[in-house]
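Its first residue numbered 79, the sequence shown is counted upward by one per residue in this note's numbering.
The beta-carbon is built from N, C-alpha and C at its ideal position, and this holds for glycine as well.
Since the structure is predicted, the reported quantities are computational estimates derived from the model, not experimental observations.
What follows is a set of notes on a single structure, which appears directly below.
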Amino acid sequence: MTETSVRDTNHTFLQNDDSLNVETRSERLRDSFLTKQSDFYIRCHGDVPSLPDDHPIKIVGGSGKETTVSVADLKARFKTRTIAATLQCAGNQRQEMQATR
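Encoded structure:
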């Protein structure tokens with residue numbers, strides 16, 4: 079997966095080709111106290127599946143009760159919510175920090 083398929087290259091850069099690790103360019107982080115969703119970092123340590131809406135997902139609760147829903151079921155049942163939250167990745171800006179050593 080290339081950086082351009084993920085984000086605008088003016089905002090982020092791809093760390094490597096082995097997994098999807100995208101960092102926000104530091105100048106984008108100075109624009110506002112709140113980071114825009116489009117500027118969030120991405121950390122993936124494996125493949126990211128692309129699931130069709132009819133893909134079944136089995137859910138097993140602590141009681142052992144299980145149910146199966148589809149991706150479409152989840153999209154229909156749950157509203158999208160917008161919240162302000164704090165997230166931190168210890169690897170953010172690692173490439174820039176290593177360059178100053």
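Let me check one thing: in DSSP terms, what residues is T145 bridge-paired to? Locating residue 145 in the sequence shown gives position 67, where the first residue counts as 1. Paired residues: I137.
Alpha carbon to alpha carbon, how far is T164 from Q115? Walking along the sequence shown from the start, residue 164 turns up at place 86. Walking along the sequence shown from the start, residue 115 turns up at place 37. Cα to Cα, the separation comes out at about 12 Å.
In whole angstroms, what separates the C-alpha of L152 from that of P134? Indexing the sequence shown from 1 puts residue 152 at position 74. Indexing the sequence shown from 1 puts residue 134 at position 56. If I take the Cα positions, the gap works out to 10 Å.
What does the alpha-carbon distance come out to for the pair F111 and S148? Position 33 of the sequence shown, counted from the start, is the residue given in the question as residue 111. Position 70 of the sequence shown, counted from the start, is the residue given in the question as residue 148. When rounded, the distance between both Cα atoms is 37 Å.
Quick check on DSSP: helix, strand or coil for P127? Start at 1 with the first residue of the sequence shown, and residue 127 comes out as number 49. In the structure shown, P127 sits in coil (DSSP, three-state: anything other than H, G, I, E or B).
For R155, does the three-state DSSP call read helix, strand or coil? Indexing the sequence shown from 1 puts residue 155 at position 77. Of the three classes helix, strand and coil, the one that applies to R155 here is helix, per DSSP.
So what does I120 bridge to, in DSSP terms? Here residue 120 is taken as the residue at index 42 of the sequence shown, counted from 1. V100.
When burial is assigned at 16 or more other CB atoms within 10 Å of the CB, is T102 buried or exposed? Counting from 1 along the sequence shown, the entry for residue 102 is found at position 24. That one is buried.
How big is the Cα-Cα spacing for D109 and S141? In the sequence shown, residue 109 corresponds to position 31, counting from 1. In the sequence shown, residue 141 corresponds to position 63, counting from 1. Annotation: D109 to S141 spans about 47 Å, alpha carbon to alpha carbon.
Determine the closest residue to K136 out of R159, E105, T145, with distance taken between C-alpha atoms. Within the sequence shown, the letter at position 58 stands for residue 136. Of R159, E105, T145, the smallest CA-CA separation from K136 is found for T145.
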